[in-house]
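Mapping of the sequence shown onto our numbering: position 590 corresponds to residue 815, and the numbering continues sequentially without gaps. This report concerns only the one structure given below.
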Amino acid sequence: MKFRKISLFVLLASACLNVSAQNNVSTQKMDWFEDAKLGIFIHWGIYSVDGISESWSFFNNYINHDNYIKQLNGFTAKDYKPKEWAKLIKEAGAKYTVITTKHHDGISMWNTKADKAITTLQDAAAKQDVITPFVKAIQEEGLHTGLYYSLPDWSHPYYDVFTRNRKRYELKAEPTRWDNYVKYYQKQLTELSEQYKPELLWFDGDWEHSAEGWKAKETLNLLRKYNPNIIINSRLNHHGDYDTPEQGIPVTRPDAKFWELCYTMNDSWGYQPFDKKYKSPNMIIRTLVDCISMGGNLLLDIGPKADGTIPEEQLNILKQLGRWTHKHAAAIYGTRAGIPFVNYGGKSALSKDGKTLYLYVYEQKPELQLKGLVNNTTIKGVSVVGDASAKVSVKSENGTVQVDLTKVNFDQDVTVIALNFAEALRWAVPQETEVTLKSVLDNKLTDRALGQIASTLHAGKNIFDNSGLTVDGLDTKLPSSNATNPTVLKWIKDHAEALYETGKGLPEGHYEGLSALSKDRQTLYLFVEGKPTGPIALKGVKNGVARIRVVGDGSMINHEVFNKLYWSSIPGIIYIQAPAERLDKNMTVIAVLLDAPIQLYREKVGAIENNL
226 MKFRKISLFV LLASACLNVS AQNNVSTQKM DWFEDAKLGI FIHWGIYSVD GISESWSFFN
286 NYINHDNYIK QLNGFTAKDY KPKEWAKLIK EAGAKYTVIT TKHHDGISMW NTKADKAITT
346 LQDAAAKQDV ITPFVKAIQE EGLHTGLYYS LPDWSHPYYD VFTRNRKRYE LKAEPTRWDN
406 YVKYYQKQLT ELSEQYKPEL LWFDGDWEHS AEGWKAKETL NLLRKYNPNI IINSRLNHHG
466 DYDTPEQGIP VTRPDAKFWE LCYTMNDSWG YQPFDKKYKS PNMIIRTLVD CISMGGNLLL
526 DIGPKADGTI PEEQLNILKQ LGRWTHKHAA AIYGTRAGIP FVNYGGKSAL SKDGKTLYLY
586 VYEQKPELQL KGLVNNTTIK GVSVVGDASA KVSVKSENGT VQVDLTKVNF DQDVTVIALN
646 FAEALRWAVP QETEVTLKSV LDNKLTDRAL GQIASTLHAG KNIFDNSGLT VDGLDTKLPS
706 SNATNPTVLK WIKDHAEALY ETGKGLPEGH YEGLSALSKD RQTLYLFVEG KPTGPIALKG
766 VKNGVARIRV VGDGSMINHE VFNKLYWSSI PGIIYIQAPA ERLDKNMTVI AVLLDAPIQL
826 YREKVGAIEN NL
């Protein structure tokens with residue numbers, strides 16, 4: 226009996242060690258992916274000929290299948306230069322790339338030998354295997370190889386689904402036919418594994434069948450036979466290594482340790498000539514920062530034309546992105562998620578060892594403030610990333626760190642400040658000192674005083690309740706004295722609308738700064754410090770916007786909504802253009818009037834399974 230107990234203990238210990246080893250291997254294989262931060266997605270196929278939705282256009286009966294397939298005759302790839310693509314991707318700052326080898330339309334972009342396959346080599350005007358030279362080019366550039374592969378094939382005779390309204394057969398009635406399809410797609414994955422040795426497989430379309438139906442476990446084992454460290458995205462029915470939220474930037478950090486946002490430059494994955502709703506380079510750079518600050522990656526999509534050229538708008542975004550990534554490489558690659566919003570009211574990231582804190586600054590402003598840093602006295606130095614000549618100073622007082630930016634040349638998009646610590650940074654929920662109306666009015670540092678006003682309102686404490694402040698600022702009788710800062714007093718009166726009976730602002734993730742809500746929760750007030758380098762962004766607001774204006778000024782200002790898909794419940798991003806000539810020199814307040822009391826979207830953003 227004693228021997229059996231010891232044996233059981235040894236077996237359990239061995240099992241625990243094996244599990245631990247597996248976890249270590251899993252973490253180790255993800256190292257390059259977690260460090261990469263930026264990848265480039267490429268949607269290229271015959272859909273670029275007519276510039277229509279990839280695969281979905283015939284699936285939804287916007288065009289019939291015969292006419293869709295005729296695009297093979299126009300897919301020439303005559304100006305395709307894979308080496309130039311690879312250089313462009315590397316110069317953009319990407320560390321990996323994922324290219325479509327086969328979308329749901331079933332057109333294989335390489336010389337597959339799988340049964341009844343349609344290929345660009347045999348069936349398109351290009352008469353080319355376009356994947357092989359591209360993979361060779363990116364591997365020569367030192368980029369990690371990712372391949373997109375659609376599990377469904379809506380053109381293949383062995384596959385059950387044809388269009389939204391038609392099926393070829395029912396699986397229960399013809400199981401052998403389905404088995405032949407599984408053999409077909411696994412044959413293709415075998416070819417891709419043998420020929421290209423991918424480090425990452427990006428699956429899509431798994432929603433059409435269960436994991437058992439796809440034989441996902443067997444597929445995973447097949448891929449691991451060729452590369453034990455293959456990385457799989459989440460779209461193999463829960464057999465993947467990382468999550469892939471699509472289009473909607475997460476409001477808060479996803480639960481998964483590893484994740485990647487796949488994201489278009491305009492509203493389309495493939496080339497569509499009439500889709501001109503491109504995000505600006507500034508928006509794309511800030512989206513990358515958003516992902517970095519939450520410990521994730523950005524997989525940014527391009528859609529080349531049928532001849533192999535890349536649209537000018539996309540080239541410009543990649544070049545501007547490259548300008549920023551090369552300048553700020555230290556604050557991008559190998560970083561980890563940053564500190565909470567309560568400690569720094571902006572986006573941040575940490576170095577892998579936790580000793581360097583990177584602060585991303587979206588505005589030109591005089592200072593930054595950090596709270597609740599436990600070891601704030603161990604700051605060794607502060608610098609502006611990518612600008613060795615910049616002069617920036619820091620001081621700690623009463624548990625608060627103040628970073629002086631008055632002598633900084635701000636980046637045109639996002640400036641990055643690096644704080645170096647002697648040991649790994651530690652932080653806690655800051656102990657807020659009480660802010661009173663008198664202390665604000667008597668503060669000679671106007672920026673600090675206004676920052677205190679915004680901070681207390683954001684937290685849900687209104688120091689103006691029963692103070693004598695009126696809704697329009699007229700006939701206001703605040704308890705002023707000879708010590709009162711006249712600039713602060715004037716600012717309060719001019720912006721009374723945003724201060725009178727307003728309540729707690731937005732929870733973390735929806736806005737990069739501080740905010741407050743009107744009593745009826747239908748007007749959102751955004752406190753804007755300094756001069757923004759780009760539009761002000763709001764994420765996860767379900768409401769429609771009635772109008773937006775500058776508080777105390779009355780100017781109506783424009784906004785645009787990006788990434789709002791009409792059939793999806795995920796809200797788009799509201800980008801507000803704040804005109805420089807109407808910005809308050811101390812602090813601007815933007816009023817966003819909504820169509821109803823505010824409703825926020827904080828759900829998990831997953832893979833999109835519908836495309837009407």
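Every residue, glycine too, gets a C-beta built ideally from N, C-alpha and C.
- Excluding its 5 nearest sequence neighbours in each direction, Leu662 has C-beta neighbours in its own chain below 6 Å: Ile688, Ser692, listed in chain order.
- Counting the other CB atoms within 10 Å of its CB gives Asn507 a total of 16 or more, which places it among the buried residues.
- Excluding sequence positions up to five before and after Tyr305, its CB lies within less than 6 Å of the CB of Gly533, all in the same chain and listed in chain order.
- Counting C-beta atoms within 10 angstroms of its own C-beta, Leu699 has fewer than 16 neighbours from the protein chains shown and is therefore classed as exposed.
- Residue state for Asp466 is assigned as coil, using DSSP reduced to three classes.
- The alpha-carbon separation between Leu297 and Ala349 amounts to approximately 4 Å.
- Beta-bridge pairing by DSSP links Gly728 to Leu742.
- DSSP, read as helix, strand or coil, puts Met519 in coil.
- The alpha-carbon separation between Leu445 and Tyr558 amounts to approximately 29 Å.
- For Val607, the beta-bridge partners assigned by DSSP are Leu644.
- Taking every protein chain shown into account, the CB of His720 has 16 or more other CB atoms within 10 angstroms, so this residue is buried.
- The region 415-429 makes contact with the region 460-468: 3 or more CB pairs, one atom from each, lie closer than 8 Å.
- Sequence-distant partners of Trp439 (beyond 5 residues in either direction) whose C-beta falls short of 8 Å from its own C-beta, in its chain, are Leu376, Val407, Asp431, Leu461, Asn462.
- Secondary structure note for Trp427: its beta strand (DSSP E) is the uninterrupted segment 425-429.
- Taking one beta carbon from each stretch, the region 695-711 and the region 721-740 have 3 or more pairs nearer than 8 Å; the two touch.
- Between the region 611-622 and the region 662-682, the count of C-beta pairs closer than 8 Å stays below three; the two stretches do not touch.
- The criterion of a C-beta distance shorter than 8 Å is not satisfied by Tyr800 and Val776.
- In the three-state reduction of the DSSP assignment, Ala362 falls in the helix class.
- The region 538-554 makes contact with the region 505-525: 3 or more CB pairs, one atom from each, lie closer than 8 Å.
- In terms of Cα proximity to Val567, the closest of Ser680, Ser621, Phe284 is Ser680.
- With contacts defined as CB atoms closer than 8 Å, Glu279 and Trp484 fail to qualify as a contacting pair.
- The distance from the Cβ of Lys767 to that of Pro796 is about 5 Å, consistent with a contact at the 8 Å cut-off.
- For Arg673, the uninterrupted alpha helix (DSSP H) segment begins and ends at 671-683.
- According to DSSP, residue pairing for Asp629 in a beta bridge involves Glu592, Ser618.
- Restricting attention to Lys341, Lys338, Ala649, Gln497, the CA atom closest to the CA of Ser576 is found in Ala649.
- Asp340 is a Cβ neighbour of Tyr409, given a cutoff of 8 Å.
- Counting only runs that start and end inside the region 373-447, the alpha helix (DSSP H) elements of at least 4 residues fall at 400-421, 436-439.
- Inclusion of Gly371 and Gly520 in the CB contact set at 8 Å is not warranted, their separation being larger than that value.
- With respect to the C-alpha of Ala481, the residue from Glu785, Leu763, Met255 having the closest C-alpha is Met255.
- By the 16-neighbour rule on beta-carbons within 10 angstroms, His551 is exposed.
- With fewer than 16 neighbouring CB atoms inside 10 Å of its own CB, Glu659 falls in the exposed class.
- DSSP places Thr813 outside any alpha helix (DSSP H); the residue lies instead in the beta strand (DSSP E), whose first and last residues are 812-819.
- Nearest in C-alpha terms to Arg827, of all of Ala821, Asn811, Glu733, Val786, is Glu733.
- Within the DSSP secondary-structure output, His784 pairs in a beta bridge with Ile801.
- For Lys327, the beta-bridge partners assigned by DSSP are Ser333, Tyr374.
- With a beta-carbon spacing of about 47 Å, Lys596 and Pro529 fall beyond the 8 Å limit used to define contacts.
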